[in-house]
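Visitor: Convert by adding 185 to the 1-based position in the sequence shown; the result is the number in our numbering.
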Amino acid sequence: PFLALTYPEDWQKRYRDQHYVGVDPVVQTAVRSVLPIDWSRLDRSGRRVEKMFQESIDAGVGQQGLTIPIRGPINGVWGLFTVTTDDDPESWNLRRDQLVRDIVVLGHMVHQRSYELTGKLEEPLGLRSISPRECEALSWTAEGKTVNDVAAIMRLSPETVRGYLDSARNKLGAL
186 PFLALTYPED WQKRYRDQHY VGVDPVVQTA VRSVLPIDWS RLDRSGRRVE
236 KMFQESIDAG VGQQGLTIPI RGPINGVWGL FTVTTDDDPE SWNLRRDQLV
286 RDIVVLGHMV HQRSYELTGK LEEPLGLRSI SPRECEALSW TAEGKTVNDV
336 AAIMRLSPET VRGYLDSARN KLGAL
């Protein structure tokens, strides 16, 4: 795997040594989801999970986090883009909704650039070719809205929203 991390080296080593990937609810949720994952909404029960989160906070990872699962153009190619903060729960709840759209777009851009730099893509993904309406439909979907919700928000028919989403997925080469 290609890793680009800003976590402290000692935390990365601890995470690997303790095999936290097997209990990390962020990773466990991300492998089954395409929606943003707010760490504050995860089930942190369980002794090993509680220990992992406390150790991550002690290591400077941050109390709150938002992880964007990203599916690539080839089946099985995926990534995680995470941002963290030391916000208290109340501050995080106020900021999270303002940040999620930008973080989703940024995550996909970083993912694309990573593949370009490692030579994994023969041609770049078409992020810039997505129309503003396709981008809007994707953004609402990334926030967990259904096709019918997005249609009501954008004042379109559900079929039109599905068309925008299908077109954007096709342009991105995504699932």
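We put the CB at the ideal spot given by N, CA and C, even for glycine.
Taking only the alpha-carbon atoms, compute the straight-line gap between Q435 and L291 and give it to the nearest angstrom.
Guide: For the chain, the structure presents residues 186 to 360; residue 435 sits outside this window and is missing.
Visitor: So what's R318 in DSSP terms, helix, strand or just coil?
Guide: Indexing the sequence shown from 1 puts residue 318 at position 133. R318 falls in the helix class under three-state DSSP.
Visitor: Please name the residue or residues paired with R146 in a DSSP beta bridge.
Guide: The question about residue 146 has no answer, for the chain in this structure spans 186 to 360.
Visitor: Which stretch, first to last residue, makes up the alpha helix (DSSP H) that contains L279?
Guide: Counting from 1 along the sequence shown, the entry for residue 279 is found at position 94. L279 -> alpha helix (DSSP H) spans 274-303.
Visitor: Using C-beta distances below 8 Å, list every residue in its chain close to R229, excluding the 5 sequence neighbours before and after it, in chain order.
Guide: Along the sequence shown, read from residue 1 onward, the residue named residue 229 stands at position 44. Its chain contains P210, E235, F238 as the residues whose beta carbon lies nearer than 8 Å to that of R229, once the 5 sequence neighbours on both sides are disregarded; these appear in chain order.
Visitor: Determine which residues share a DSSP beta bridge with I242 and list them.
Guide: Position 57 of the sequence shown, counting from 1, holds the residue named residue 242. Paired residues: none, contrary to the question.
Visitor: Would you mind stating whether L279 and V268 have Cβ atoms separated by less than 7 Å?
Guide: By 1-based counting over the sequence shown, the position of residue 279 is 94. By 1-based counting over the sequence shown, the position of residue 268 is 83. Contact flag unset, no.
Visitor: Am I right that D195 and A244 are in contact with their C-beta atoms under 8 Å? What's the rounded C-beta distance?
Guide: Locating residue 195 in the sequence shown gives position 10, where the first residue counts as 1. Locating residue 244 in the sequence shown gives position 59, where the first residue counts as 1. The Cβ separation is near 6 Å, so the contact holds.
Visitor: To the nearest angstrom, how far is it from the Cα of S352 to the Cα of R233?
Guide: Position 167 of the sequence shown, counted from the start, is the residue given in the question as residue 352. Position 48 of the sequence shown, counted from the start, is the residue given in the question as residue 233. Taking the straight line joining both Cα atoms gives about 42 Å.
Visitor: If you run the structure through DSSP and keep just helix, strand and coil, what is G329?
Guide: The residue given as residue 329 occupies position 144 in the sequence shown. Assigned with DSSP and collapsed to three states, G329 falls in coil, not helix or strand.
Visitor: Could you tell me the alpha carbon to alpha carbon distance between L357 and L350, rounded to whole angstroms?
Guide: One-based indexing of the sequence shown puts residue 357 at position 172. One-based indexing of the sequence shown puts residue 350 at position 165. Each residue's Cα considered, the two are about 10 Å apart.
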